[in-house]
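Student: Input: one structure, supplied below.
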Amino acid sequence: MKMTVEETAQMYEEPATTEAPKQLDGADVLIETLKKHQVEIVFGYPGGAVLPIYDALHKNPIRHILARHEQGAIHAAEGYARVSGKVGVVIATSGPGATNVVTGIADAMMDSIPLVVFTGQVATTVIGTDAFQEADIIGITQPITKHNYQVKDVADLPRIVNEAFHIASTGRPGPVVVDIPKNMATSIFVTSEDATDEVNLPGYQPTTTPNFLQIQKAAQAISTAKQPLILAGAGVLFAKASDLLEEFAEKYQIPVTNTLLGLGSIEGDHPLFLGMAGMHGTYTANMAIQTCDLLINVGARFDDRLTGNLNYFAPNAKVIHIDIDPAEIGKNVPTEIPIVADAKEALQALLGQNAPNGNTAAWLESLKVNQAEYPLHYQASEERGLLPQQVVELIHEYTNGDAVVTTDVGQHQMWAAQYYKFNSPHNWVTSGGLGTMGFGFPAAIGAQLAKPDAKVVSIVGDAGFQMTLQELSLLQEMRIPVKVIILNNQALGMVRQWQETFHGERYSQSLIPVQPDFVKLAAAYDLKGYKIETYEDAKVQLKEALASDEPVLIDCRVVQKESVFPMVAPGRGLHEMIGVKPE
Amino acid sequence: MKRIITVTVINQSGVLNRVTGLLMKRQFNIESITVGHTEQPQISKMTFVVNVEDEQKLEQLLKQLQKQVDVLKVNDITEKSIVVRELALVKVVAPPAVRSEINSIVEPFRAATIDTGKNVVTFQVTGNPEKIDAFIDLLKPYGIKDLTRTGVTAFVRETQKVHTPQLSIL
Chain R
2 MKMTVEETAQ MYEEPATTEA PKQLDGADVL IETLKKHQVE IVFGYPGGAV
52 LPIYDALHKN PIRHILARHE QGAIHAAEGY ARVSGKVGVV IATSGPGATN
102 VVTGIADAMM DSIPLVVFTG QVATTVIGTD AFQEADIIGI TQPITKHNYQ
152 VKDVADLPRI VNEAFHIAST GRPGPVVVDI PKNMATSIFV TSEDATDEVN
202 LPGYQPTTTP NFLQIQKAAQ AISTAKQPLI LAGAGVLFAK ASDLLEEFAE
252 KYQIPVTNTL LGLGSIEGDH PLFLGMAGMH GTYTANMAIQ TCDLLINVGA
302 RFDDRLTGNL NYFAPNAKVI HIDIDPAEIG KNVPTEIPIV ADAKEALQAL
352 LGQNAPNGNT AAWLESLKVN QAEYPLHYQA SEERGLLPQQ VVELIHEYTN
402 GDAVVTTDVG QHQMWAAQYY KFNSPHNWVT SGGLGTMGFG FPAAIGAQLA
452 KPDAKVVSIV GDAGFQMTLQ ELSLLQEMRI PVKVIILNNQ ALGMVRQWQE
502 TFHGERYSQS LIPVQPDFVK LAAAYDLKGY KIETYEDAKV QLKEALASDE
552 PVLIDCRVVQ KESVFPMVAP GRGLHEMIGV KPE
Chain U
33 MKRIITVTVI NQSGVLNRVT GLLMKRQFNI ESITVGHTEQ PQISKMTFVV
83 NVEDEQKLEQ LLKQLQKQVD VLKVNDITEK SIVVRELALV KVVAPPAVRS
133 EINSIVEPFR AATIDTGKNV VTFQVTGNPE KIDAFIDLLK PYGIKDLTRT
183 GVTAFVRETQ KVHTPQLSIL
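Chains as they are written, first to last, in my numbering: chain R, 2 to 584; chain U, 33 to 202.
Listed below in structure tokens is the structure:
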């Protein structure tokens with residue numbers, strides 16, 4: 002029998018499958034939903050309860066960063082989110098895996114970082130029986146999340162994940178936990194008829210557009226103010242409103258100060274910038290707050306480390322507070338003109354008012370005098386040895402103010418905030434509200450993954466670094482060229498400083514004279530490591546290290562008895578700063 | 033100052049925990065709380081009585097509650113024209129010798145006798161909390177064996193006599 006060409010071709014074709022396509026289970030659907038949200042990287046650590054999820058992940062192009070401790074994974078996700086503006090995604094297993102991410106969740110909550118954290122859970126059939134690796138993570142994380150979910154029906158999974166991403170990334174960002182019992186990940190997914198990708202949350206409707214009347218009032222106040230001041234917080238960064246902030250400040254000739262987390266929202270060298278305010282802020286910035294007649298807070302929450310004693314805070318100022326979270330307005334500081342809005346929309350509206358300029362020339366002049374008279378200062382000499390401030394200044398010099406800088410909490414953090422002047426926004430990653438030791442180094446890993454071409458410098462203290470240094474494994478493995486610079490004063494620096502000042506120099510448990518050999522430690526992780534003890538060495542080694550494309554660890558042995566100044570002692574007003582002038 | 037606050041929430045597991053957890057986290061003291069679903073089964077209403085220090089704290093409380101994703105509506109109804117009710121069950125020692133005396137005390141409160149034993153009687157009384165306090169005080173001398181109160185639930189009247197100052201800035 003002779004066959005036509007078509008018939009021959011048909012013969013060799015694979016027979017049409019009669020099998021139904023593979024049915025998706027909960028884990029597959031989870032991964033598909035992550036893809037829908039354009040998730041490129043997840044940070045996590047596998048374990049029993051998330052085995053099905055990791056199985057689904059295995060055959061997928063989403064990149065997984067295997068941290069060496071869940072806390073490292075979540076801080077890396079925070080660094081990633083902070084720098085990229087995207088949602089950081091974390092996966093941890095049930096029980097200890099989930100409790101290990103608790104610090105990171107609380108940190109993200111305090112600093113409004115958008116995270117979606119997936120935790121494994123024991124099967125729904127055994128929840129509540131103290132099963133192996135069971136922990137009530139919903140109960141545990143309720144007060145430290147923006148919202149949390151436990152999946153109780155696999156059909157709800159896509160809806161819950163969509164809602165989680167929506168809640169985490171809109172309004173005031175924050176962490177959302179999604180707890181997935183193991184049997185939900187393995188159940189066959191059957192979509193319900195009314196399933197939709199649209200998010201319907203009647204109880205969650207953040208206000209982003211400012212009230213027109215309040216904008217008018219604010220514009221009027223700006224026009225008539227003689228000594229106005231802008232306090233810019235992280236809200237400006239989340240709204241991607243740095244350009245507008247600069248335009249606004251320049252148009253009305255209003256000086257700008259930052260909260261710790263707001264650094265980068267205006268150029269560090271901008272002539273209207275007064276430096277950071279607060280406990281270790283500049284004298285000029287703090288005195289500007291105390292003497293201004295109009296305080297325009299854009300996206301900051303009047304945290305106690307910024308305000309000092311509230312009874313003395315900004316005594317002459319009328320307060321305009323722009324915040325996307327209405328609960329922050331009036332929480333700490335009475336506010337005359339409240340504006341609930343996204344910082345970008347509010348600044349746009351204010352600029353659109355085209356209000357006449359007030360005359361601020363005399364005010365700016367007086368601030369210039371303060372800046373000249375009370376600069377940040379430290380006393381360097383060869384006998385004293387290497388100072389941490391010098392190290393930060395060198396890092397600034399060799400990276401031209403363009404690096405991504407991450408820190409933990411404490412003295413090194415304050416020196417980094419004081420002496421590293423950022424040229425552009427979204428390059429500053431620090432643990433502000435929660436003040437988490439061990440945050441900076443893993444956060445740098447996440448930041449580098451978000452910005453592969455950037456120089457990422459993790460400035461850490463010797464104590465904080467030792468809390469999460471296991472993540473050094475990732476640097477060679479994943480080719481992550483983070484520069485780890487330890488300001489090693491062989492102490493819990495800030496604790497030591499407070500003990501010196503407020504506890505009669507009784508250094509209770511704050512000195513750590515026995516240190517590991519960090520150079521050998523670097524070698525153990527196949528990394529270049531250096532130890533620096535003098536300013537001359539620092540100049541050479543830091544320059545070389547910061548120019549390199551490799552990961553590097555540098556142990557800078559700095560003077561132990563160096564304190565962060567100027568300072569507002571706890572319970573004092575901002576005007577009662579100490580250490581404002583060189584002795 | 034004592035405030036009566038109603039919160040309309042999405043009726044799903046954990047929501048009561050969220051609201052009470054929030055109050056605990058923010059250091060508010062709940063005096064009483066009642067919960068039940070509304071005419072729509074997926075929506076519940078909570079009524080609670082809280083003690084707050086001042087107006088600023090009150091505003092914080094309302095705003096923090098409003099921020100919860102599962103919370104649909106928050107109202108401070110203290111100064112509105114409202115109906116406030118609480119129910120109490122009171123078991124009193126009432127031997128035959130004093131029973132008629134007790135009954136005559138109870139009558140003006142329109143309390144119902146819901147259970148009777150040889151020497152004890154159980155009354156059910158409804159009204160505002162002050163009325164219930166008074167009822168309990170009057171029965172105390174006879175010996176109260178058991179007492180349970182539901183806590184306050186409240187409702188805004190259809191016609192409002194007074195206008196409350198708008199606290200929320202939204």
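Ideal Cβ placement from N, Cα and C applies to all residues, glycine included.
Take R:Gly411 and list the residues in its own chain whose beta-carbon comes closer than 6 angstroms to its own, dropping the five residues that flank it on each side.
Tutor: Numbered from 1 along the first sequence, position 410 holds the residue referred to as residue 411 of chain R. Taken in chain order, the residues that qualify are Gly462, Gly494 and Met495.
Student: Name the DSSP bridge partner or partners of R:Tyr150?
Tutor: The residue labelled residue 150 of chain R in the question sits at position 149 within the first sequence. Per DSSP, R:Val179.
Student: Give me the Cα-Cα distance between R:His70 and R:Glu374, rounded to the nearest whole angstrom.
Tutor: Against the first sequence, residue 70 of chain R aligns to sequence position 69. Against the first sequence, residue 374 of chain R aligns to sequence position 373. Between R:His70 and R:Glu374, the C-alpha separation is close to 48 angstroms.
Student: Put R:Asn201 into one of helix, strand or coil per three-state DSSP.
Tutor: Here residue 201 of chain R refers to the residue found at position 200 when the first sequence is read from its first residue. Correct three-state label for R:Asn201: coil.
Student: Can you name the residues of chain R whose CB is closer than 9 angstroms to the CB of U:Leu104?
Tutor: What you label residue 104 of chain U is simply residue 72 of the second sequence in a count that begins at 1. Here the neighbours are Pro203 and Gly204.
Student: Taking 8 angstroms as the threshold (beta carbon to beta carbon), is U:Val67 in contact with chain R?
Tutor: Taking the first residue of the second sequence as 1, we reach residue 67 of chain U at position 35. Chain R contact via Cβ: absent.
Student: CB-CB under 6 angstroms to R:Gln151, same chain, minus the five flanking residues each way: which ones, in chain order?
Tutor: Within the first sequence, residue 151 of chain R is the residue found at index 150, counting from 1. Counting only Cβ-Cβ distances below 6 angstroms, and skipping sequence neighbours, we find Ile139 and Asp180.
Student: For R:His167, would you say it is in contact with chain U, using Cβ-to-Cβ distances shorter than 8 angstroms as the test?
Tutor: Numbered from 1 along the first sequence, position 166 holds the residue referred to as residue 167 of chain R. Cβ-Cβ to chain U under 8 angstroms: no for R:His167.
Student: Could you check the C-alpha separation between U:Ala166 and U:His69 for me, to the nearest Å?
Tutor: As a working mapping, residue 166 of chain U is identified with position 134 in the second sequence. As a working mapping, residue 69 of chain U is identified with position 37 in the second sequence. Roughly 30 angstroms separates the two Cα atoms.
Student: Note down, in chain order, every chain U residue with its Cβ under 8 angstroms from the Cβ of R:Ile139.
Tutor: Mapped onto the first sequence, residue 139 of chain R falls at position 138. Here the neighbours are Gly46.
Student: Using a Cβ cut-off of 8 angstroms, which residues of the segment 319-331 of chain R contact any Cβ in chain U, in chain order?
Tutor: Per Cβ criterion, the list reads Asp326, Pro327, Ala328, Ile330 and Gly331.
Student: Per DSSP, R:His576 is paired with what?
Tutor: Sequence index remark: in the first sequence, residue 576 of chain R carries index 575 (1-based). None; R:His576 has no bridge partner.
Student: Do R:Pro182 and R:Ala235 come within 8 angstroms of each other at the CB atom, strictly closer than that value?
Tutor: For the purposes of this step, residue 235 of chain R is identified with residue 234 of the first sequence, where counting begins at 1. For the purposes of this step, residue 182 of chain R is identified with residue 181 of the first sequence, where counting begins at 1. No. Outside cutoff.
Student: Give a yes or no on contact between the segment 35-52 of chain R and the segment 73-84 of chain R, applying the rule of three or more CB pairs nearer than 8 angstroms.
Tutor: Contact holds: three or more Cβ-Cβ distances are below 8 angstroms.
Student: Just to confirm the assignment: which complete beta strand (DSSP E) runs, minimum length 3, are found wholly within the segment 98-169 of chain R?
Tutor: List check, beta strand (DSSP E) in window: 116-122 and 148-151.
Student: Excluding the 5 residues preceding and the 5 following R:Glu164 in the sequence, name in chain order all residues of the same chain whose CB lies nearer than 7 angstroms to its CB.
Tutor: Residue 164 of chain R sits at position 163 when you count from the first residue of the first sequence. Correct list, in chain order: Val200 and Leu202.
Student: When the distance is taken between beta carbons, is R:Gly276 closer than 8 angstroms to R:Thr260?
Tutor: For this step, residue 260 of chain R is matched to residue 259 along the first sequence. For this step, residue 276 of chain R is matched to residue 275 along the first sequence. For R:Thr260 and R:Gly276, no; Cβs fall outside 8 angstroms.
Student: Given U:Pro73, which residues of its chain have a CB within under 8 angstroms of its CB, disregarding the five upstream and five downstream residues?
Tutor: Taking the second sequence and counting its residues from 1, one reaches residue 73 of chain U at position 41. Around U:Pro73: Asn43.
Student: Roughly how far, in whole angstroms, is the beta-carbon of U:Lys123 from the beta-carbon of U:Asp178, given that I think they are within contact range, below 8 angstroms?
Tutor: In the second sequence, residue 123 of chain U corresponds to position 91, counting from 1. In the second sequence, residue 178 of chain U corresponds to position 146, counting from 1. About 4 angstroms; that satisfies the 8 angstroms criterion.
Student: What are the residues that DSSP puts in a beta bridge with R:Ala253?
Tutor: As a position in the first sequence, residue 253 of chain R is number 252, starting the count at 1. Correcting the residue identity first, residue 253 of chain R is Tyr in this sequence and not Ala. Bridge partners of R:Tyr253: none, in fact.
Student: Here's the rule I'm using: 16 or more other beta-carbon atoms within 10 Å means buried, otherwise exposed. How should U:Gly100 be labelled?
Tutor: Locating residue 100 of chain U in the second sequence gives position 68, counting from the first residue. Per the sequence shown, the amino acid found at residue 100 of chain U is Gln instead of Gly. So U:Gln100 counts as buried.
Student: Where does U:Leu202 sit, in a helix, a strand or coil, going by DSSP?
Tutor: Residue 202 of chain U sits at position 170 when you count from the first residue of the second sequence. Any reading at U:Leu202 must be qualified, since the residue scores a pLDDT of 48, below 50, and its modelled position is unreliable; no value is offered.
Student: Secondary structure at U:Asn61, three-state DSSP: helix, strand or coil?
Tutor: On the second sequence, position 29 is the one that residue 61 of chain U refers to. The answer is strand: DSSP assigns U:Asn61 an E or B state.
Student: Considering only residues of the same chain and omitting the five flanking positions on each side of R:Tyr536, which have a CB-CB separation below 7 angstroms?
Tutor: Here residue 536 of chain R refers to the residue found at position 535 when the first sequence is read from its first residue. Excluding sequence neighbours, R:Tyr536 sits near Leu387 and Gln391.
Student: Using three-state DSSP, classify U:Pro161 as helix, strand or coil.
Tutor: In the second sequence, the residue the question calls residue 161 of chain U occupies position 129. Residue state, collapsed to three classes: helix.
Student: Tell whether a beta-carbon distance below 8 angstroms holds between R:Lys529 and R:Tyr399.
Tutor: The count along the first sequence starts at 1 and reaches residue 529 of chain R at position 528. The count along the first sequence starts at 1 and reaches residue 399 of chain R at position 398. Their beta carbons are not under 8 angstroms apart, which means R:Lys529 does not touch R:Tyr399 by this criterion.
Student: Quick check on the DSSP output: what are the complete beta strand (DSSP E) runs of length 3 or more inside the segment 218-302 of chain R, in order along the chain?
Tutor: Runs of the beta strand (DSSP E) inside the segment 218-302 of chain R: 229-233, 257-259, 274-277 and 295-299.
Student: State the beta-bridge partners of U:Arg117 as determined by DSSP.
Tutor: Translated into the one-based positions of the second sequence, residue 117 of chain U becomes position 85. U:Arg117 is bridged to U:Thr185.
Student: Can you confirm whether R:Pro144, when its beta carbon is compared against all beta carbons of chain U, has any partner nearer than 8 angstroms?
Tutor: The residue labelled residue 144 of chain R in the question sits at position 143 within the first sequence. It does; some Cβ of chain U falls within 8 angstroms.
Student: So, for R:Phe274: in the same chain, excluding its five sequence neighbours on each side, which residues have a beta-carbon less than 6 angstroms away from its beta-carbon?
Tutor: The sequence position of residue 274 of chain R within the first sequence is 273, counting from 1. Once the five neighbours on either side are set aside, the close Cβ partners of R:Phe274 are Val257 and Ile267.
Student: What does R:His148 reach in chain U if we use C-beta pairs closer than 7 angstroms?
Tutor: What you label residue 148 of chain R is simply residue 147 of the first sequence in a count that begins at 1. Result: Val101.
Student: Just to confirm my understanding: we take R:Ile141, look at its own chain, exclude 5 residues before and 5 after, and list those with CB closer than 8 angstroms. What are they?
Tutor: Here residue 141 of chain R corresponds to residue number 140 of the first sequence, with the count starting at 1. Only Ala99, Thr100 and Val103 meet the Cβ criterion.
Student: How long is the line joining the alpha carbons of U:Leu202 and R:Ala363, rounded to whole angstroms?
Tutor: Residue numbering aside, residue 202 of chain U sits at position 170 when the second sequence is read from its first letter. Residue numbering aside, residue 363 of chain R sits at position 362 when the first sequence is read from its first letter. Summary for U:Leu202: the model assigns pLDDT 48, below 50, so the residue's position carries little reliability; its value from the coordinates is reported in the next sentence. Answer to the nearest angstrom: the Cα atoms are 37 angstroms apart.
Student: Can you name, in chain order, every residue of its own chain whose Cβ lies under 8 angstroms from the Cβ of R:Leu351, other than the five neighbours on each side?
Tutor: As a position in the first sequence, residue 351 of chain R is number 350, starting the count at 1. These residues qualify, in order along the chain: Ile216, Ala219, Ala220, Ile223 and Phe249.
Student: What residues from chain R crowd round U:Ile92, counting only those whose CB sits closer than 9 angstroms?
Tutor: Locating residue 92 of chain U in the second sequence gives position 60, where the first residue counts as 1. Here residue 92 of chain U turns out to be Gln, not Ile, going by the sequence shown. Per Cβ cutoff of 9 angstroms: Ala328, Gly331 and Lys332.
Student: Looking at chain R, is there any beta carbon in it that lies within less than 8 angstroms of the beta carbon of U:Asn43?
Tutor: Position 11 of the second sequence, counted from the first residue, corresponds to residue 43 of chain U. So, not an interface residue.
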